Amino acid sequence: MHPEIPARISVLYRLSRRVEATRVMANRYPDHSDDEAPRSRCSSRSDRESDSSGRDANRARRELASDAARWSRGLLKTGDQRAAPSRGLPIITFTLILLMCAAFLQQQELTILFKKDRWWHLRRWWYPFPFLFLRHMSSLHLAANVFALFQFGSVVEPAVGKARMLAVYVLSGAAGCLALQPYRRTWYAYVWEQRTIWEAWHVGEGPRPFDLELAVYTFLVGGVGAPTAAVLGVGGVMLALNRRTLWTPFGVRKPHDIRVMLWVNVAVNVLLCEWVEAKLLYSDDRDYSGCGPRPLTRPTPGCPRRVERRARYAAHAGGLLAGAALGYFL
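Heads up, the sequence shown is in the numbering used here, so the first residue is 113 and it goes up one at a time.
Take a look at the structure:
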């Protein structure tokens, strides 16, 4: 917290009390200037009291304006405008949402890595980073992340600024990628196994290559949770800022509203990504876990579906913790 914020809160409280007192006095007495001609000696006592009260009201107005101007100059001098009304729309948030949707429409072209025998690019440690920020496993995954990013970004970006908002998103996504690195070795074996199945299908022997595409989407495209880690990082910053009232282009967000937003987004993600997606994608009799028997292959050690779930949770936790840590330094 900025060291001058408590003092400014006290000033705001005094200003609000003085505004109320000035309003009451202004409603009771007419406006009088100090250079008004003096009353005659025969003026009644009530007229003299009215003049004195009117001068007091004018003096209170001037003091109120002076205090407000001094507080505004101090606020602009320190550059701390997080408590001030926001200006403009959250441009970075809207841009990231558009990038998410555009990248999702183009992600199927990544299967060319396997068709042209370039799968070995996956072994480079830096390769997932450009893709895992913006790519998604399914349209439900995309919808949940877009909903959460809009809710979180509309609060965080006006509070911390556009540059810091972008930095939080990128750093949280990077933290999610680093959190899932221990699970990559199992995925190497799984991708190689699915490529063997695809080659067998290509010459007319074996199943369809859907398992290969599933491996590409879950491992390379970002189904293991790094895009959600970046979004949860923004939510972590919002969680760190929920001690005070925040101004957004869509209204004032109080601490209670922020907590409600967090729980609503958790419920939406659990409903869409965990339950509905599982019912739609894994509701048939085929084995997508890697733990059951398959033609032309044996089960991959570690059961890739379970490893994918653990990696996704690790990435989500890494992004959320990174965002919460960054929120205390912004």
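Even glycine gets a Cβ: it sits at the ideal position worked out from N, Cα and C. Here the structure is a predicted model, which means the values were calculated and not measured.
The alpha helix (DSSP H) enclosing residue i, as first and last residue numbers
i	result
Pro294	Segment: none, Pro294 is in no alpha helix (DSSP H) and carries neither H nor E.
Simplified DSSP state of residue i, which is helix, strand or coil
i	result
Pro339	helix
Tyr440	coil
Asn257	helix
Pro430	Note on residue identity: the sequence assigns Gly, not Pro, to residue 430. Residue state, collapsed to three classes: helix.
Gly273	coil
Asn377	helix
Leu351	helix
Leu252	helix
Leu201	coil
Leu283	helix
Residue burial classification, residue i (beta-carbon count within 10 angstroms, cutoff 16)
i	result
Phe441	exposed
Gly265	buried
Thr205	buried
Gly272	It should be noted that the sequence gives Val, not Gly, for residue 272. Val272 comes out buried.
Val280	buried
Ala275	exposed
Val346	buried
Pro270	buried
Arg371	exposed
Pro339	buried
Arg171	exposed
Leu211	exposed
Asn354	buried
Within 7 Å, strictly: CB atoms of residue i and residue j
i	j	result
Ala436	Ala291	no
Val268	Met373	no
Ala341	Gly285	yes
Ala260	Val343	yes
Gly431	Gly288	yes
Ile209	Val258	yes
Ala256	Val378	no
Phe216	Leu254	yes
Ala423	Tyr295	yes
Chain D within 7 Å of residue i, Cβ atoms only
i	result
Ser266	The chain inventory of the structure shown lacks chain D, comprising one protein chain alone.
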